[in-house]
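Asks:
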Amino acid sequence: MPTERFPAITVILIAINVAVFMYELSLGPAVNEFLTVYGMTPYEITRGVAVYDRGDLPVYATLVTSMFLHAGPLHLGSNMLFLWIFGNNVEDTMGRARFIVFYLMCGIFASVAQIAIEPASQIPNVGASGAIAGVLGGYILLFPRARVTTLVFLGFFITFIELPAAVVLLMWITLQVVAGVAGLYSTMADGGVAYFAHIGGFVAGLLAIRVFTIGKKKTYAGRGYY
Numbered sequence: 000m001p002t003e004r005f006p007a008i009t010v011i012l013i014a015i016n017v018a019v020f021m022y023e024l025s026l027g028p029a030v031n032e033f034l035t036v037y038g039m040t041p042y043e044i045t046r047g048v049a050v051y052d053r054g055d056l057p058v059y060a061t062l063v064t065s066m067f068l069h070a071g072p073l074h075l076g077s078n079m080l081f082l083w084i085f086g087n088n089v090e091d092t093m094g095r096a097r098f099i100v101f102y103l104m105c106g107i108f109a110s111v112a113q114i115a116i117e118p119a120s121q122i123p124n125v126g127a128s129g130a131i132a133g134v135l136g137g138y139i140l141l142f143p144r145a146r147v148t149t150l151v152f153l154g155f156f157i158t159f160i161e162l163p164a165a166v167v168l169l170m171w172i173t174l175q176v177v178a179g180v181a182g183l184y185s186t187m188a189d190g191g192v193a194y195f196a197h198i199g200g201f202v203a204g205l206l207a208i209r210v211f212t213i214g215k216k217k218t219y220a221g222r223g224y225y
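So the sequence shown is numbered by numbering that gives the first Met the number 0: it starts at 0 and just counts up by one.
#1: Run through DSSP, which three-state label would P72 get?
#2: Using 7 Å as the cut-off, classify the Cβ of E23 as near or not near the heavy atoms of the ligand ATP, replying yes or no.
#3: Expressed to the nearest angstrom, what Euclidean distance is found between the alpha-carbon atoms of G126 and S120?
#4: Could you pull the DSSP bridge partners for Y39 from this structure?
#5: Determine the extent of the alpha helix (DSSP H) in which E23 is found, giving its start and end residues.
#6: Please report the distance separating the alpha-carbon of F155 from that of V167.
#7: From the DSSP output, in three-state form, read off D52 for me.
#8: Can you say whether L62 is buried or exposed, counting buried as having 16 or more other CB atoms within 10 angstroms of its CB?
#9: Rounded to whole angstroms, what's the CA-CA distance from F211 to F98? Just pull it up for me.
#10: Taking the alpha-carbon of M170 as reference, which of A29, G86, G136 and L141 has the nearest alpha-carbon?
#11: Nearest to P143 by alpha carbon, out of F85, Q113, C105 and I213?
#12: Would the segment 59-73 and the segment 23-39 be scored as touching if the rule is three or more Cβ pairs under 8 Å?
#13: Which residues in the same chain as Y194 place their Cβ atom closer than 8 Å to its Cβ, once the five residues preceding and following it in sequence are excluded?
#14: Among V202, F5, I213 and A96, which residue has its Cα nearest to the Cα of F108?
#15: Assuming Y59 is part of the alpha helix (DSSP H), what are its boundary residues?
#16: Taking a contact to mean a Cβ-Cβ separation below 8 Å, would you say L82 touches T9 in this structure?
#17: Could you tell me which of G204, R95, I44 and Y138 sits nearest to L12, measuring between CA atoms?
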């Protein structure tokens, strides 16, 4: 969907994430230590003590640093695709300064939600998914009638169909809830995905979007590509 202004913050966020990932690649085998040190570890946040040595950086800073780390190219690529498709319109609606605060706040709230589920976990969490989930939550309220062209796999056939953005995003958050709840009761669940961070970020976006768009022009139609 076209924007009135160039989405500078969205582009900068994507550039930072890509630059950090390129740095991760340059580390070789040491990348695991880097992700461990600068990822968000629930145990550290709930206890206020450092399990991993990160110098003078306080443990609570990982609530932010973890948002700019990714575990692989697919992790990075999918997150940045979502951020570009939905973030540019949300930024355009609320303005650049507000968008920065909104993005970081949703990311922190996402981590808090994951911490609430696993307060004693010593597994570092990384990724922009929680913050981007907040952007999706905001988008669904700002543009409930927007439509997105979605790639669909039908057996051996691949096609594109146009769907309301609200339908696509509601399907996405429903999958996060189902997978997250299943993970609470199954040892076979995918422990590599922080579903409750996605849920927490999405809820934060839903709750905060009206505050962040006070006095701003609201748009309720549009088209995007997903």
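Where a beta carbon is used, it is the ideal one built from N, C-alpha and C, also for glycine.
Replies: According to the data block:
#1: helix
#2: With respect to the ligand ATP, the structure offers nothing, as it holds no ligand at all.
#3: 17 Å
#4: The amino acid occupying residue 39 in the given sequence is Met; Tyr does not appear at that position. Bridge partners of M39: N124.
#5: A7 to S25
#6: For F155, the pLDDT reaches just 47, beneath the cut-off of 50, and the residue's location in the model is therefore unreliable, although a value from the coordinates is still provided. Their Cα atoms are separated by approximately 22 Å.
#7: coil
#8: buried
#9: 8 Å
#10: G136
#11: F85
#12: yes
#13: Q175, V176, A178, G179 and G182
#14: V202
#15: Element bounds for Y59: n/a, residue is neither H nor E.
#16: yes
#17: R95
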